[in-house]
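For what it's worth, the numbering used here labels the leading residue of the sequence shown as 218, then goes sequentially. Even glycine gets a Cβ: it sits at the ideal position worked out from N, Cα and C.
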Amino acid sequence: MRLDRLTERIWVYPYEEERDRPNLSYIRGDRWSLAVDAGHSDDHVREFYQALENVGLPLPELTVLTHWHWDHTFGMHAVHGLCLANERTNLYLSDFRAKLEKEGPAFFLSMHESIRREYLNGKPVVVTPADLVFRRGILLDAGNCPVRVFRAEAPHTDDSTLVEIPDEKVLILGDCTGGTFPDWAMDHALAVKLADTVRKLNPDVCLPGHWTPLAPDIVIEDLLNDIG
């Protein structure tokens, strides 16, 4: 699959609906690079890295997680460098790994057809915790490229992390604008809070987890329309 260039410093390996694979983002600083989200499996990570190598980009030294859900994290064991997550995301990953070790993968594979497509032919399900953990937020400097990573109140999960690249005017959302899995119920108060967060940050471009880049006005409108 192609690697799309979003800005001077940001590329995106695009989402795929069949296996519910999210966008994987890549941010290139002058000194080092980072990725956002670790993919659905090691196959997803390998394809992302091949796309980076095809255009001469070095592998990321750090991968930041937007939330704990499997399609964004279960490729962590295959990433290059270290993984960074908020403390609640890390707790959920540890709990899910313990459940897999106790019960086996059948319950996970039964959750959705997209998961079964990703894990065909007995492919092992591997869950690992993050190497680095933050509580509220952290400011990274990849070399003339500040990256702000912070928790936000959002309707999708209670461990949502946003990634802002202020000099590029880009906000990476993960899946935070959606409702809760599996019924996609939307918490109205959290939708309003997230819309307000996006409005205050005022990016030029918002990147959702499973869609193309959007203007912030569209993201805000969608959030407020979802609450009726």
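- Residue pairing from DSSP places Ser250 in a beta bridge opposite Arg245.
- The segment 294-310 makes no contact with the segment 322-342: fewer than 3 CB pairs, one atom from each, lie closer than 8 Å.
- Here Arg416 is exposed: its Cβ has fewer than 16 other Cβ atoms, across all protein chains shown, within 10 Å.
- DSSP lists Arg238 as the beta-bridge partner residues of Glu233.
- Around the CB of Arg263, fewer than 16 other CB atoms lie within 10 Å, so the residue is classed as exposed.
- Comparing alpha-carbon positions, the option among Leu379, Cys393, Ile244 lying closest to Pro372 turns out to be Cys393.
- Between the alpha carbons of Glu381 and Ala402 lies a distance of about 26 Å.
- Boundaries of the alpha helix (DSSP H) harbouring Thr290: 287-290, taken from the DSSP string.
- Boundaries cannot be given for Asn419, as no beta strand (DSSP E) includes it and DSSP labels it neither H nor E.
- No Cβ-Cβ contact shorter than 9 Å links Thr224 with Asp254.
- Membership of Thr306 in the alpha helix (DSSP H) is indicated by the continuous run 304-320.
- Boundaries of the beta strand (DSSP E) harbouring Asp358: 354-358, taken from the DSSP string.
- For Val272, the three-state secondary structure derived from DSSP is coil.
- Assignment of beta strand (DSSP E) within the segment 367-422, counting only whole runs of 3 or more residues, yields 378-382, 387-391 in chain order.
- In its chain, beyond the 5 residues on either side, Cys362, Pro363 have a beta carbon closer than 7 Å to the beta carbon of Asp384.
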